[in-house]
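Working notes, beginning with the structure itself.
There are 4 protein chains.
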Amino acid sequence: MAHPIQVDSERLAQCAREIADAGRELGARGWTPATSSNFSMRYDDAHAAVTISGRDKGRLGVDDIMLVDFAGQAVATTARPSAETLLHVQMYRRDPAVGAVLHTHSHNQTVASRLYAAAGVIRFSGWELQKAITGYVTHESDLDLPVFPNTQDMPELVAQVDAWLDAGKPLHGYLIDGHGIYTWGRTMAEARRHLEAFEFLLAVTLDLRRLGA
Amino acid sequence: MAHPIQVDSERLAQCAREIADAGRELGARGWTPATSSNFSMRYDDAHAAVTISGRDKGRLGVDDIMLVDFAGQAVATTARPSAETLLHVQMYRRDPAVGAVLHTHSHNQTVASRLYAAAGVIRFSGWELQKAITGYVTHESDLDLPVFPNTQDMPELVAQVDAWLDAGKPLHGYLIDGHGIYTWGRTMAEARRHLEAFEFLLAVTLDLRRLGA
Amino acid sequence: MAHPIQVDSERLAQCAREIADAGRELGARGWTPATSSNFSMRYDDAHAAVTISGRDKGRLGVDDIMLVDFAGQAVATTARPSAETLLHVQMYRRDPAVGAVLHTHSHNQTVASRLYAAAGVIRFSGWELQKAITGYVTHESDLDLPVFPNTQDMPELVAQVDAWLDAGKPLHGYLIDGHGIYTWGRTMAEARRHLEAFEFLLAVTLDLRRLGA
Amino acid sequence: MAHPIQVDSERLAQCAREIADAGRELGARGWTPATSSNFSMRYDDAHAAVTISGRDKGRLGVDDIMLVDFAGQAVATTARPSAETLLHVQMYRRDPAVGAVLHTHSHNQTVASRLYAAAGVIRFSGWELQKAITGYVTHESDLDLPVFPNTQDMPELVAQVDAWLDAGKPLHGYLIDGHGIYTWGRTMAEARRHLEAFEFLLAVTLDLRRLGA
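Protein chains in written order, with the UniProt record's numbering: chain F, 1 to 213; chain L, 1 to 213; chain Z, 1 to 213; chain E, 1 to 213.
Here it is in structure tokens:
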């Protein structure tokens with residue numbers, strides 16, 4: 001399915017280093033328990049560098065990263081990409097500005113995904129940290145994070161995200177019920193800032209509920 | 001009771017290193033408070049390497065590990081094994097595939113053990129991370145973690161575990177009321193992945209209850 | 001607006017090192033998520049060293065610090081100061097004893113700011129750690145931490161703080177709704193001790209509410 | 001009041017190292033916020049090495065430790081001992097077996113001290129970790145941790161502890177309302193194990209209450 005490409009090993013190694021750095025720091029925070037989670041970066045306008053399935057995301061090396069095309073097929077390797085690779089390449093395919101995608105599985109992300117699964121969305125409002133999401137310049141706007149039902153059928157998950165985007169609604173990340181978050185950015189640094197902001201917003205939102213507010 | 005054996009010091013040192021590494025990392029997470037917890041690895045088809053009683057499990061060295069036979073008796077040493085050694089050797093004896101057993105005492109494990117002691121079991125359902133337990137391929141199945149009553153009589157604890165296994169019910173770990181978790185795997189890496197997954201599943205389950213869900 | 005000054009690069013570097021040290025340690029605690037937060041030190045009786053806008057506050061170097069005058073205008077640089085610089089220079093302007101100002105954005109600070117926004121103040125009473133605030137010698141006194149409404153209009157925030165001070169009420173720090181804390185001290189060490197004390201007092205106060213006390 | 005003594009600088013340095021090690025590790029856990037907390041070791045049958053007032057307990061060096069007699073008076077130094085020194089020397093005076101005393105100020109210790117102040121005692125029962133307290137061999141016994149009212153009058157605090165001990169009730173540690181814990185052991189290692197055990201028992205007890213159990 002994938003056309004043969006001449007792999008630029010320097011470019012791939014650069015992606016791998018940024019992914020491994022992110023994995024180590026996110027793993028140290030406990031957001032990637034038990035080999036869950038996966039990370040990727042855009043390699044070019046038709047390929048992405050993604051984490052190989054089953055590796056410990058807190059101890060990634062450059063050998064744990066592989067190339068896939070935007071159909072999610074392995075390129076120039078016999079390794080198997082992470083199961084959720086289709087959700088990564090979807091973002092690169094739909095938005096040429098997306099340069100990095102992060103999927104983590106923190107406690108707060110997972111708890112919130114269950115708690116708001118029925119509602120289908122978490123609305124953040126009045127938090128200064130909403131401004132950490134690119135495009136948000138005031139705490140007074142609403143920031144919506146959808147929660148999609150979980151399924152082992154990846155194309156079905158892809159279709160849920162497509163439907164949201166096709167409806168023209170803003171999307172900076174999403175939860176999957178019982179399963180953690182996906183978020184992204186133009187660069188790895190922006191993707192990590194978005195991830196950190198969503199984690200914070202989820203944590204404070206859950207805590208206000210614990211406090212009966 | 002134990003037959004004299006020729007100790008392969010290289011093999012024992014290898015087990016000790018894996019156990020010490022696990023202890024240090026689990027201790028750093030706060031899962032082994034106040035010299036609680038104990039760890040072991042299968043040494044051969046009749047012996048296991050286990051932690052010596054009373055040592056700080058976050059600072060284990062190779063001298064803190066000893067050999068026992070599957071009756072829990074010390075082999076080739078005058079050291080005293082951890083009190084719960086019988087629960088470790090039980091798993092090696094009953095299942096030749098088991099290569100490592102971990103007992104930790106985290107906050108969440110202990111709180112959950114009290115909260116679900118009357119029910120006798122915690123059922124996990126709908127969590128993606130159930131798939132971190134070997135043999136589970138979908139979040140849609142149920143994963144049961146039994147909670148056994150605590151007693152200072154080790155043979156009685158052993159009998160409770162035997163009874164569960166003899167009933168043919170799947171078992172990937174168990175809690176003891178007020179006392180933490182036991183889990184295992186074919187390798188130390190798998191045992192640690194199972195431990196990390198159970199800890200995560202207990203944490204999110206407790207938190208949903210705090211949130212009134 | 002600012003008079004040209006002869007920058008004492010040694011003095012500025014000393015401020016920058018103290019600010020960077022504080023940022024690294026506060027960032028390691030998770031109190032500066034997603035490039036939020038900002039820190040400053042008095043440079044002289046008309047200028048302060050402040051963090052440049054948008055930098056990762058957990059990885060500050062000396063190049064991330066700049067000079068401003070007490071109107072918040074950049075001095076001897078084309079860099080842009082943090083948006084909340086006006087709140088920093090206000091404290092230096094109003095109180096010649098203030099030597100350092102810290103603004104962080106921890107989970108507890110942010111949750112408390114929402115929970116007590118309607119009340120407008122959090123009163124601490126009976127906590128030994130109130131004595132960590134300079135001037136408090138007993139746990140029996142009351143320590144008030146006001147919560148001001150958030151706004152993107154900095155002069156309006158400045159006016160709220162001025163109004164409190166003009167009313168002659170003691171002020172050792174304040175929260176902004178949804179937005180974290182400001183606190184200060186004669187030295188960076190004192191500012192950090194005050195910050196640590198307020199964080200602790202907020203955490204225990206919130207937890208007593210979670211516990212229904 | 002104190003008789004002149006010939007200070008054994010090697011013995012004092014040994015005490016100071018053990019105290020500094022404990023301080024650094026307890027500080028890293030966040031149990032000594034904002035220069036709170038103090039630590040000591042028995043020096044001989046009439047003197048103790050204690051932390052000097054106001055030092056950052058997470059960064060103690062040997063110069064932060066001083067000698068006092070069992071009346072709490074400084075010996076061979078002009079430094080001022082921690083305000084709560086009288087509570088340390090009381091334990092050395094009353095029990096010749098006590099070799100180290102630790103006072104920390106963790107979140108859980110402080111919250112529990114407020115929550116159980118009216119009851120005057122926290123009773124632990126059914127927790128395996130009670131066995132980490134020397135003398136406890138089963139989870140089936142009760143372990144009582146008294147909570148004394150806070151006061152700035154140290155002799156009054158001393159009298160409360162004396163009254164409990166004079167009544168012949170077992171005492172392995174105590175809380176002061178709003179103020180943290182005191183615990184001790186024959187060695188620094190035992191004192192630290194007791195501290196770790198009480199912290200754990202307080203944390204799980206509070207959490208069961210949060211969970212409505």
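Every residue gets a Cβ at the ideal spot worked out from N, C-alpha and C, and that includes glycine.
Can L129 of chain L and A197 of chain L be called in contact, C-beta distance under 7 Å? Along the second sequence, read from residue 1 onward, the residue named residue 129 of chain L stands at position 129. Along the second sequence, read from residue 1 onward, the residue named residue 197 of chain L stands at position 197. Yes.
Helix, strand or coil at A2 of chain Z [DSSP, three-state]: The residue given as residue 2 of chain Z occupies position 2 in the third sequence. At A2 of chain Z, the pLDDT of 48 sits below 50, so the modelled position is not reliable; the number obtained from the coordinates is stated separately. A2 of chain Z sits in coil when the DSSP states are folded into three classes, being neither helix nor strand.
Collapsed DSSP secondary structure at residue 215 of chain L in the structure displayed: Outside the displayed span of chain L (1 to 213) sits residue 215 of chain L, for which this structure offers no information.
Based on the DSSP output, what are the partners of I176 of chain Z in its beta bridges? What you label residue 176 of chain Z is simply residue 176 of the third sequence in a count that begins at 1. Note: I176 of chain Z is bridge-paired with Z:F148, Z:G180 in the DSSP secondary-structure output.
Using a C-beta to C-beta distance shorter than 8 Å, which residues of chain E count as neighbours of R123 of chain L? The residue you call residue 123 of chain L lines up with position 123 of the second sequence. Neighbours of R123 of chain L on chain E: none; closest Cβ ~17 Å, over 8 Å.
Three-way DSSP call (helix, strand, coil) for residue 217 of chain E in this model: Outside the shown range of chain E (1 to 213) lies residue 217 of chain E, about which nothing can therefore be said.
What number of angstroms, rounded off, separates the C-alpha of A191 of chain L from the C-alpha of L102 of chain E? Position 191 of the second sequence, counting from 1, holds the residue named residue 191 of chain L. Position 102 of the fourth sequence, counting from 1, holds the residue named residue 102 of chain E. About 36 Å.
Using a Cβ-Cβ distance under 7 Å, would M1 of chain Z count as near chain E? For the purposes of this step, residue 1 of chain Z is identified with residue 1 of the third sequence, where counting begins at 1. Only weak support is given to the placement of M1 of chain Z: the predicted model assigns it a pLDDT of 46, under 50, and the value that follows is read from those uncertain coordinates. For M1 of chain Z, no Cβ of chain E is located within less than 7 Å of the residue's own Cβ.
Starting from A100 of chain L, follow the beta strand (DSSP E) in both directions and report where the run begins and ends. Taking the second sequence and counting its residues from 1, the one referred to as residue 100 of chain L is at position 100. For A100 of chain L, the enclosing beta strand (DSSP E) has its first and last residue at 100 to 104.
When you compare the CB of H139 of chain E with every CB in chain L, is at least one pair closer than 7 Å? The residue you call residue 139 of chain E lines up with position 139 of the fourth sequence. Interface residue, yes.
Measuring only between beta-carbons, confirm whether L202 of chain F sits less than 7 Å from chain A. Going by chain labels, chain A is absent from the structure shown, which instead holds the protein chains F, L, Z and E.
Continuous beta strand (DSSP E) stretch holding F124 of chain E: start and end: Residue mapping note: residue 124 of chain E aligns to position 124 of the fourth sequence, counting from 1. Per DSSP, F124 of chain E is one residue of the beta strand (DSSP E) stretching across 121 to 125.
Measure how close the beta-carbons of S113 of chain L and V147 of chain L come, nearest whole angstrom, since I'm counting them as under 8 Å. Position 113 of the second sequence, counting from 1, holds the residue named residue 113 of chain L. Position 147 of the second sequence, counting from 1, holds the residue named residue 147 of chain L. About 6 Å separates the two Cβ atoms, so the contact holds.
Give the range of the beta strand (DSSP E) segment to which D69 of chain F is assigned. Here residue 69 of chain F corresponds to residue number 69 of the first sequence, with the count starting at 1. D69 of chain F -> beta strand (DSSP E) spans 65 to 69.
Could you tell me which of E:Q109, E:N108, E:F200, E:T151 sits nearest to A132 of chain E, measuring between CA atoms? Taking the fourth sequence and counting its residues from 1, one reaches residue 132 of chain E at position 132. The shortest Cα separation from A132 of chain E among E:Q109, E:N108, E:F200, E:T151 belongs to E:F200.
Within 10 angstroms of its Cβ, does R42 of chain L collect 16 or more other Cβ (buried), or is it exposed? Taking the first residue of the second sequence as 1, we reach residue 42 of chain L at position 42. The residue is buried, with at least 16 neighbouring Cβ atoms inside 10 Å.
Quick one: list the residues of chain F neighbouring S37 of chain Z, beta-carbon separation under 7 Å, in chain order. As a working note, residue 37 of chain Z is residue 37 in the third sequence. Those do not exist, as S37 of chain Z stays about 10 Å from chain F at its closest Cβ, beyond 7 Å.
Apart from the five residues just before and just after H139 of chain F, which ones in its own chain have a Cβ nearer than 7 Å to its Cβ? In the first sequence, the residue the question calls residue 139 of chain F occupies position 139. Result list for H139 of chain F: G126, W127, E128, Q130, K131, in chain order.
Proximal chain L residues relative to L211 of chain E, where beta-carbon distance stays under 8 Å: For the purposes of this step, residue 211 of chain E is taken as the residue at position 211 of the fourth sequence. V111, L115, L206, R209, R210, listed in chain order.
Considering only the alpha carbon of each residue, which of E:H172, E:I19, E:G23, E:F39 lies closest to R123 of chain E? Locating residue 123 of chain E in the fourth sequence gives position 123, counting from the first residue. Of the candidates E:H172, E:I19, E:G23, E:F39, the one whose C-alpha sits nearest the C-alpha of R123 of chain E is E:H172.
Is the Cβ of A197 of chain E closer than 7 Å to any Cβ of chain L? The count along the fourth sequence starts at 1 and reaches residue 197 of chain E at position 197. Interface residue, yes.
List the whole-angstrom C-beta distance separating V111 of chain E from D142 of chain Z, where the pair is believed to meet the contact cut-off of C-beta under 8 Å. As a first step, residue 111 of chain E is located in the fourth sequence; it is residue number 111 there, counting from the start. As a first step, residue 142 of chain Z is located in the third sequence; it is residue number 142 there, counting from the start. Not a contact, Cβ separation roughly 19 Å.
Using a Cβ-Cβ distance under 7 Å, would Q160 of chain Z count as near chain F? Along the third sequence, read from residue 1 onward, the residue named residue 160 of chain Z stands at position 160. Q160 of chain Z has a beta carbon lying at 7 Å or more from every beta carbon in chain F.
Cα-Cα, which of Z:H194, Z:V68, Z:T187 is closest to residue 237 of chain Z? The question about residue 237 of chain Z has no answer here: the residues shown for chain Z are numbered 1 through 213.
Could you work out which residue in L:Q152, L:D177, L:D144 is closest to T164 of chain L when comparing CA atoms only? As a first step, residue 164 of chain L must be located in the second sequence, where it is residue number 164. Residue 164 of chain L is actually Trp in this sequence, not Thr. Among L:Q152, L:D177, L:D144, the Cα nearest to that of W164 of chain L is on L:D144.
Would DSSP call V137 of chain E helix, strand or coil? Stepping through the fourth sequence from its first residue, residue 137 of chain E is reached at position 137. Taken through DSSP and simplified to helix, strand or coil, V137 of chain E comes out as coil.
Scan the region 52 to 84 of chain E for residues whose Cβ lies nearer than 7 Å to a Cβ of chain Z and list them as they occur along the chain. Legend: CB atoms of the region 52 to 84 of chain E lying less than 7 Å from CB atoms of chain Z are not found in any residue.
With distance defined between alpha-carbon atoms, name the residue in F:H194, F:V161, F:T104 nearest to G30 of chain F. To locate residue 30 of chain F, count along the first sequence from 1; it is residue 30. Looking at the Cα atoms, F:T104 is the closest of the given residues.
Would you kindly report the start and end of the unbroken alpha helix (DSSP H) that includes W164 of chain F? Numbered from its first residue, the first sequence carries residue 164 of chain F at position 164. Segment 154 to 166, the alpha helix (DSSP H) holding W164 of chain F.
Here's a check: name, in chain order, each residue in its chain whose Cβ is nearer than 8 Å to the Cβ of Q109 of chain L, leaving out the five neighbours to either side. On the second sequence, residue 109 of chain L is found 109 positions in, with the first residue counted as 1. Cβ neighbours of Q109 of chain L beyond the five flanking positions: W31, L175, G180, I181, F198, E199, L202.
Which residues of chain E have a Cβ atom closer than 7 Å to the Cβ of A28 of chain Z, listed in chain order? For the purposes of this step, residue 28 of chain Z is taken as the residue at position 28 of the third sequence. Within 7 Å of the CB of A28 of chain Z, no CB atom of chain E is found; the nearest one sits about 11 Å away.
Just to make sure I have the definition right: I need the residues of chain E whose C-beta is within less than 7 Å of the C-beta of R193 of chain Z. Which are they? For this step, residue 193 of chain Z is matched to residue 193 along the third sequence. Under the 7 Å cutoff, chain E gives A34, T35.
Taking 7 Å as the CB-CB limit, is H107 of chain E close to chain Z? Locating residue 107 of chain E in the fourth sequence gives position 107, where the first residue counts as 1. Chain Z, which has a Cβ nearer than 7 Å to the Cβ of H107 of chain E, makes this yes.
Does V88 of chain F get closer than 7 Å to chain L when you measure Cβ to Cβ? Working through the first sequence from its first residue, we reach residue 88 of chain F at position 88. Residue identity differs from the one stated: residue 88 of chain F is His in this sequence, not Val. Among the residues facing chain L, H88 of chain F is not included, as its CB has no counterpart in that chain under 7 Å away.
Do V50 of chain E and P81 of chain E have their C-beta atoms closer together than 7 Å? For the purposes of this step, residue 50 of chain E is taken as residue 50 along the fourth sequence, with counting starting at 1. For the purposes of this step, residue 81 of chain E is taken as residue 81 along the fourth sequence, with counting starting at 1. With a cutoff of 7 Å on beta-carbon distance, V50 of chain E and P81 of chain E are scored as near each other.
For P33 of chain Z, does the count of other Cβ atoms within 10 angstroms reach 16, so buried, or fall short, so exposed? Taking the third sequence and counting its residues from 1, one reaches residue 33 of chain Z at position 33. The residue in question, P33 of chain Z, is buried, as its Cβ has 16 or more Cβ neighbours within 10 Å.
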